[in-house]
Amino acid sequence: MTHIKVTVDGVKYADEVEPRLLLVHYLRENLGKTGTPVGCDTSNCGACTVLMDGVSVKSCAVLAVQADGSDVTTIEGLANGELNPVQRAFHEEHALQCGYCTPGMIMAATDLLRDNPHPTDAEIRDGLEGNLCRCTGYENIVRAVKRAAQAGVAP
Amino acid sequence: MTATVEAPAPQIGQARLRKEDAKLLTGQTNWTDNIKLNGMLHMAFVRSPFAHAKITRVDVSGALQQQGVIAAFSGADLEQASLPCAWPVTPDIVIPVHLPMAVDEVRYVGEAVAVVVARDRYAAADAVASVEVDYEPLPPVLDMYAALAAGSPKVHEAGNKSYEWVFANGDMDAAVNDAPVVLERTYRQQRLIGCAMEPRAVVAQWIGDEVTLWSSTQIPHVLRFALSAFFGIPEQNVRVIAPDVGGGFGSKLQVTAEEALAVLVSRKVGKPVKWTESRTEGNLTVHHGRDQWQQIKIAADRDGRIRGLAVDLLADMGAYLMIVTPGIPLFGAFMYPAIYKMDAYSFRCTGVFTTKMPTDAYRGAGRPEATFAIERIMDELAVELGMEPLELRERNWIRHEEFPYTTVAGLTYDSGNYEAATAKAKELFDYDALRREQAERNARGDTVRLGIGISTFTEMCGLAPSRVLGQLAYAAGGWEHASIRMLPTGKVEVVTGSSAHGQGHETAWSQIVADQLGVPFEDIRVLHGDTQISPKGMDTYGSRSLAIGGIALVQACDKVIAKARVIAAAMLEASADDLEFSAGRFSVRGDPEAAKSIQEIALATFAAHALPDGAEPSIDSDATYDPDNFSFPHGTHLCATEVDTETGFVKIRKYVSVDDVGVVINPRIVEGQVHGGVAQGIAQALYEEGVYDDDGNLITTTLADYLVPAAPDLPSFVADRTTSPASNRLGVKGVGEAGTIASTPAVVNSIVDALRPFGVRDITMPCTPERVWRAIQSAQGGTA
Chain A
1 MTHIKVTVDG VKYADEVEPR LLLVHYLREN LGKTGTPVGC DTSNCGACTV
51 LMDGVSVKSC AVLAVQADGS DVTTIEGLAN GELNPVQRAF HEEHALQCGY
101 CTPGMIMAAT DLLRDNPHPT DAEIRDGLEG NLCRCTGYEN IVRAVKRAAQ
151 AGVAP
Chain B
1001 MTATVEAPAP QIGQARLRKE DAKLLTGQTN WTDNIKLNGM LHMAFVRSPF
1051 AHAKITRVDV SGALQQQGVI AAFSGADLEQ ASLPCAWPVT PDIVIPVHLP
1101 MAVDEVRYVG EAVAVVVARD RYAAADAVAS VEVDYEPLPP VLDMYAALAA
1151 GSPKVHEAGN KSYEWVFANG DMDAAVNDAP VVLERTYRQQ RLIGCAMEPR
1201 AVVAQWIGDE VTLWSSTQIP HVLRFALSAF FGIPEQNVRV IAPDVGGGFG
1251 SKLQVTAEEA LAVLVSRKVG KPVKWTESRT EGNLTVHHGR DQWQQIKIAA
1301 DRDGRIRGLA VDLLADMGAY LMIVTPGIPL FGAFMYPAIY KMDAYSFRCT
1351 GVFTTKMPTD AYRGAGRPEA TFAIERIMDE LAVELGMEPL ELRERNWIRH
1401 EEFPYTTVAG LTYDSGNYEA ATAKAKELFD YDALRREQAE RNARGDTVRL
1451 GIGISTFTEM CGLAPSRVLG QLAYAAGGWE HASIRMLPTG KVEVVTGSSA
1501 HGQGHETAWS QIVADQLGVP FEDIRVLHGD TQISPKGMDT YGSRSLAIGG
1551 IALVQACDKV IAKARVIAAA MLEASADDLE FSAGRFSVRG DPEAAKSIQE
1601 IALATFAAHA LPDGAEPSID SDATYDPDNF SFPHGTHLCA TEVDTETGFV
1651 KIRKYVSVDD VGVVINPRIV EGQVHGGVAQ GIAQALYEEG VYDDDGNLIT
1701 TTLADYLVPA APDLPSFVAD RTTSPASNRL GVKGVGEAGT IASTPAVVNS
1751 IVDALRPFGV RDITMPCTPE RVWRAIQSAQ GGTA
């Protein structure tokens, strides 16, 4: 077991974990942060995307021990009483149906907008290439990210 | 009380934002894998690495020595029963026994042979390797034609043919024999994998003799019935909960081995158990879709009039028949004639066993296959006749003034307007300009060619009239149930038997009930997906929820109003016949000052102090609706592709859909359904295929191999609508599958259209760059 200290959604945690424990399982099983789901086992789908020190990572491709000392933000840490601009844009553009990819998509979109506050449609599509959605055909996700960009959400 | 109350704007037709979104956007979700129960154990399965083998020994004792392992079982250790097939399509169909875990023989890679139960998922996964299984390999059976040949190895003792189902109407010999044009084509419907983003998960918990099963399923009610009917658990002791479900697309319309085993294993170990599949496990063992060979023959006059159509299918059942496996191709049986008039039609489908994962419903279920074949061959016929493909279609389609129209397949289409949808699509697409550009590119020998693909589709949905299902030998009905509970504070609970998993029922159902009862949209809560809260239902598939469940809602509202009317009459000291109900209020005709709202009546029944004699103190109501016909969405989809003839790369330049789904409750939700549906149909055309190697190993087990498209792989969509109302109370048809049914042939037609100058006549799906490039080389007489 290895000792780690991680801040998740503003709360400090210290835990003993197996070195092989995936960050996503640490979040879900140890911390009860079930807002971040798992969609695959090969880091293709992006459903488990979180921000680690402000940068998006697929939390199934990060070991919990690698997150030692990091500040992790999950979908559960975005809203502050009300939806943040990216969440609101997803709502207003109907950019989610079943909602399973949504947490990862929103975290990836957040990182995309941090990197490129005014992306073109093509840049949005390329920027979200690592996140799969089976319901929407991406049309409304692109619209939502554009709407969020227009609202000026870059942190 | 003031008498002049402005009627609220109708909710139906408004693009309301979804009620479902708030929790999904903030991670406050209740996916099955989120569930934790005290003492809960985790299951992991030992699965067959062979496509076909005798099991000669299973020894789980090694697993029991591993840390954290509580129990391990082989198939023989559990009292198993066969998983059900609810659709014995012919009297002599072969339905093999299908145990949740194989005991004597495995018949596909991934079939479960043992289960390990441990304190956490890592320990369970570790211990799988300690179970010893000895196999005696048998020859795999992978090709449907070879499977039917004499001397083929057998998947089951009874042979490799499950059934042969036929339909014929009209004089096919007369239609074909002296027809000036007869075309025959063979099309391949590749095997697809549903890939809902949420992997399947189950949790089972026994308390005394009662069991609760949480499952990521589309069909909690059917599942409850099946667990009771086939596994001997009294139905009143079974509760099934479908919590938040992350997509289905037919892939969660199943009674699965893992659901049954969770129930059996949990009872055996006396603790709740959970199982969540990995994506790899899911690609192996979630039922697959499509997988057919389609031979289609069309006979026509020189002027383009279709005389007859003959279809002969081989449909891959896989290794076993699951809940509706054999019936899936038969939905297609009625759809090959599509929107076209003709004299004769014949259909034959042979269901074939192979040593692969069973097939079953996948978005569209039989109808995409049919639509693909007819729309592909219509393009080929147009070329043969030298006609513009849209003109050929128009010459044969049912004109709008001819509805209702009974097709040669025996369906009566109640409404439609193919002219209007096509005209709108052509305009949005700028059809003539794109045709001109295509000609210019061809004339100058551009290396990137432009193709235009057409799909003027219809489908049958709103499953289904129970009598028709009975005639087709389906084991259940096609009704749907709804309840309205009027709460004392004036709020409303709506209970629906149609269990949503992304479709937006909570929003759309609220809109319907708001209009019917005149209560605020915000005051309505929609409940579903738990057999204790919603005890009666037929669940969600086949674009049935609105066309069946929506009408059940309206009928339940009718009953609420009828019961309330009696009480309102007493409260207003008027005759019930003199009351008008509008915008949520009963008022006395000629005296609009005298009125009672439905909320006031709900409160009056709660107190029940002064109800009229004989009135029960409740205006809650239920209704169960069974339709008398299917509904028939239709539309025209146009696709322009740019095909790089040097690389074979296909880029969708423009995609326009005009769908007629009848009256629309929420245009925002409808548009989203079309987008997603079109995306899945494009995925079949260009990207996705479940591939088995020569030994019967699935080699597309991950999302790196099975290419679910990402955002850069898809175009922006132009989605518009026309409206010809269906002949039900709401005028609604259904939209869940339309895009998937329509889009696949539009894309492939456009690619072939782009490459006709090179002599290309067909490309097998998915149209990968390699296949497109090889098709060009081959048509040019190259050696590729």
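Quick mapping for you: the protein sequence lines, in order, are chains A and B.
First residue of the first sequence? That's 1 in my numbering, and the numbers climb one at a time after it.
First residue of the second sequence? That's 1001 in my numbering, and the numbers climb one at a time after it.
In this text, a Cβ means the ideal position worked out from N, Cα and C, and glycines have one as well.
Residue of the options minimising C-alpha distance to residue i
i, options, result
"Leu83/A", "Gly1027/B, Thr1496/B and Glu1671/B", "Gly1027/B"
"Gly1504/B", "Gln1673/B, Thr1447/B and Leu1434/B", "Gln1673/B"
"Met1101/B", "Lys1019/B, Glu1259/B and Gln1532/B", "Glu1259/B"
"Cys24/A", "Asp111/A, Lys58/A and Thr42/A", "The amino acid at residue 24/A is misidentified as Cys; the sequence shows Val. Nearest C-alpha to Val24/A: Lys58/A."
"Pro1088/B", "Asp1622/B, Lys1559/B, Ala1568/B and Gly1470/B", "Gly1470/B"
"Ile1682/B", "Ala1086/B, Leu1192/B and Tyr1187/B", "Leu1192/B"
"Thr1744/B", "Pro1049/B, Met1765/B, Ile1306/B and Gly1410/B", "Met1765/B"
"Trp1275/B", "Val1117/B, Val1155/B and Arg1395/B", "Val1117/B"
Test: residue i CB closer than 9 Å to a CB of chain A
i, result
"Asn1728/B", "no"
"Arg1119/B", "no"
"Gln1503/B", "yes"
"Gln1680/B", "yes"
"Thr1002/B", "Low per-residue confidence applies at Thr1002/B: pLDDT is 42, beneath 50, and the placement is therefore not dependable enough to give any value."
"Trp1031/B", "yes"
"Val1202/B", "no"
"Arg1018/B", "yes"
"Ser1483/B", "no"
"Pro1358/B", "no"
"Met1040/B", "no"
"Glu1506/B", "no"
Residues near residue i by beta carbon distance below 6 Å, same chain, minus five either side
i, result
"Gly1518/B", "Ala1583 and Gly1584"
"Ala1003/B", "Confidence in Ala1003/B is poor, its pLDDT being 46 and thus under 50, which makes the residue's placement too unreliable to answer from."
"Asp1626/B", "Ser1466 and Trp1479"
"Val1656/B", "Ala1425, Leu1428, Phe1429, Leu1638 and Val1718"
"Val1670/B", "Val1664 and Val1735"
"Gly1366/B", "Ile1328, Pro1329, Phe1331 and Gly1332"
"Gly1549/B", "Glu1480, Thr1496 and Ser1498"
Cβ-heavy atom distance, residue i to the ligand ATP, below 8 Å
i, result
"Ala109/A", "Looking at this structure, you won't find the ligand ATP or any other ligand, since it has none at all."
Three-state secondary structure (DSSP) of residue i
i, result
"Arg1589/B", "coil"
"Tyr1108/B", "coil"
"Ala1003/B", "Here Ala1003/B scores only 46 on pLDDT, less than 50, and its place in the model should not be relied on; the value that follows carries that caveat. Three-state DSSP puts Ala1003/B in coil, outside helix and strand."
"Glu92/A", "helix"
"Arg134/A", "coil"
"Val1691/B", "coil"
"Leu1261/B", "helix"
"Arg1565/B", "helix"
"Asp1720/B", "strand"
Chain B contact for residue i (CB, 9 Å cutoff)
i, result
"Cys48/A", "no"
"Pro37/A", "yes"
"Gly10/A", "no"
"Ile75/A", "yes"
"Ile4/A", "no"
"Ala79/A", "yes"
"Thr120/A", "no"
"Asn116/A", "no"
Residue i burial status per 10 Å Cβ neighbour count (16 or more: buried)
i, result
"Lys1651/B", "exposed"
"Gln1684/B", "buried"
"Glu1770/B", "exposed"
"Pro155/A", "Because Pro155/A sits at a pLDDT of 48, beneath the cut-off of 50, its placement in the model cannot be relied upon, and the point is left open."
"Asn140/A", "buried"
"Glu76/A", "buried"
Same chain, Cβ closer than 7 Å to residue i, neighbours up to 5 away in sequence not counted
i, result
"Ser1251/B", "Gly1194, Ala1196, Val1286, His1287 and Tyr1362"
"Asp1120/B", "His1042 and Gly1068"
"Met1387/B", "Gly1304"
"Leu1099/B", "Gly1075, Gln1080 and Ser1082"
"Trp1509/B", "Val1494, Thr1496, Val1526 and Leu1553"
Close-in-space but distant-in-sequence residues of the same chain around residue i (CB under 8 Å, 5 per side omitted)
i, result
"Ala1146/B", "Ser1152"
"Arg1441/B", "Val1448, Arg1449 and Leu1450"
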